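Numbering-wise (this note's numbering), the sequence shown opens with residue 154 and increments by one.
The beta-carbon is built from N, C-alpha and C at its ideal position, and this holds for glycine as well.
Because the structure is a prediction, the values reported are computed rather than measured.
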Amino acid sequence: MRVLWVSGVPGVGKTSIGMALARRLDAVFIDIPEYVGRTGIASGYDPSTGSLLVEPSKLARKLGETFREGRRYVLSSHIVVDLHIRGTRCIVLRLHPLRLYRRLLRRRYPKSKIAENLEAEFLGVCYLEAVQALGPRRVSQLDVTGLTPAKAVSRCIRLLAGDGGDRVDWQSQLRGRELGRLLSIMAVGRLSKVF
């Protein structure tokens, strides 16, 4: 592995797990949103999400200029870009949507942003986009629900060594009250954006 993307929606633990993983792999850690801001490659700002926008090709080019031969890199981001570098892998961190809801509430995210991120986690958007960028053989899912950061890092190491990832499908796993509560939270969040 030369480049490892650690992806997932906000609140799943990308930064803390990615940093610990980089230490364990003796790799350079790059938080992509911070990197985009620091290098000035943002193409705009989306006030509805509070995010900098970046063209994937521009990000890939800038990272290519940053990377040094013989080094490993762990990149943390909700988006994944194919850098056309041999040995690129991606682990998409997944978290039970109701646990994610509590984390985002503690971070004081607006209701509309919470709803958007819960919807993305519920539907597996980050996983699908990573597969679209890199192909299914280079992307694994890891359900971090109930895992400490140390255990999550150990699982990531095993995934990189060839262990299979988790099959995460919240649409078929959530039932009854849990599903009703999640859908209610998402609906209220969406309505708060309208009114």
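Residue i, DSSP secondary structure in three states
i, result
"residue 256", "helix"
"residue 262", "coil"
"residue 348", "Residue confidence for residue 348 is low, a pLDDT of 48 falling below 50, so the modelled location carries little weight; the figure read from the coordinates is stated next. Looking at residue 348 - three-state DSSP - the assignment turns out to be coil, as it is neither helix nor strand."
"residue 298", "coil"
"residue 197", "strand"
"residue 238", "coil"
"residue 341", "helix"
"residue 176", "helix"
"residue 232", "coil"
"residue 275", "helix"
"residue 225", "coil"
"residue 162", "coil"
"residue 205", "strand"
"residue 321", "coil"
"residue 248", "coil"
"residue 157", "strand"
Within 9 Å, strictly: CB atoms of residue i and residue j
i, j, result
"residue 318", "residue 256", "no"
"residue 170", "residue 271", "no"
"residue 181", "residue 173", "no"
"residue 177", "residue 306", "yes"
"residue 313", "residue 254", "no"
"residue 240", "residue 156", "yes"
"residue 179", "residue 230", "no"
"residue 281", "residue 158", "no"
"residue 216", "residue 186", "no"
C-alpha distance - residue i paired with residue j, whole-angstrom precision
i, j, result
"residue 274", "residue 218", "32 Å"
"residue 294", "residue 284", "10 Å"
"residue 194", "residue 222", "23 Å"
"residue 252", "residue 161", "14 Å"
"residue 189", "residue 203", "14 Å"
"residue 302", "residue 166", "8 Å"
"residue 235", "residue 299", "30 Å"
"residue 249", "residue 330", "14 Å"
"residue 348", "residue 201", "Low confidence applies to residue 348: its pLDDT is 48, below 50, so where it sits in the model is not reliable enough to give any reading."
"residue 279", "residue 232", "7 Å"
"residue 321", "residue 328", "14 Å"
"residue 342", "residue 262", "11 Å"
"residue 292", "residue 333", "30 Å"
"residue 269", "residue 259", "16 Å"
Burial state of residue i (16 or more Cβ within 10 Å)
i, result
"residue 238", "exposed"
"residue 308", "buried"
"residue 304", "exposed"
"residue 340", "exposed"
"residue 198", "exposed"
"residue 267", "buried"
"residue 208", "exposed"
"residue 228", "buried"
"residue 224", "exposed"
>> Would you call the segment 201 to 215 in contact with the segment 243 to 253, where contact means no fewer than 3 C-beta pairs closer than 8 Å?
In response: No, the segment 201 to 215 does not touch the segment 243 to 253.
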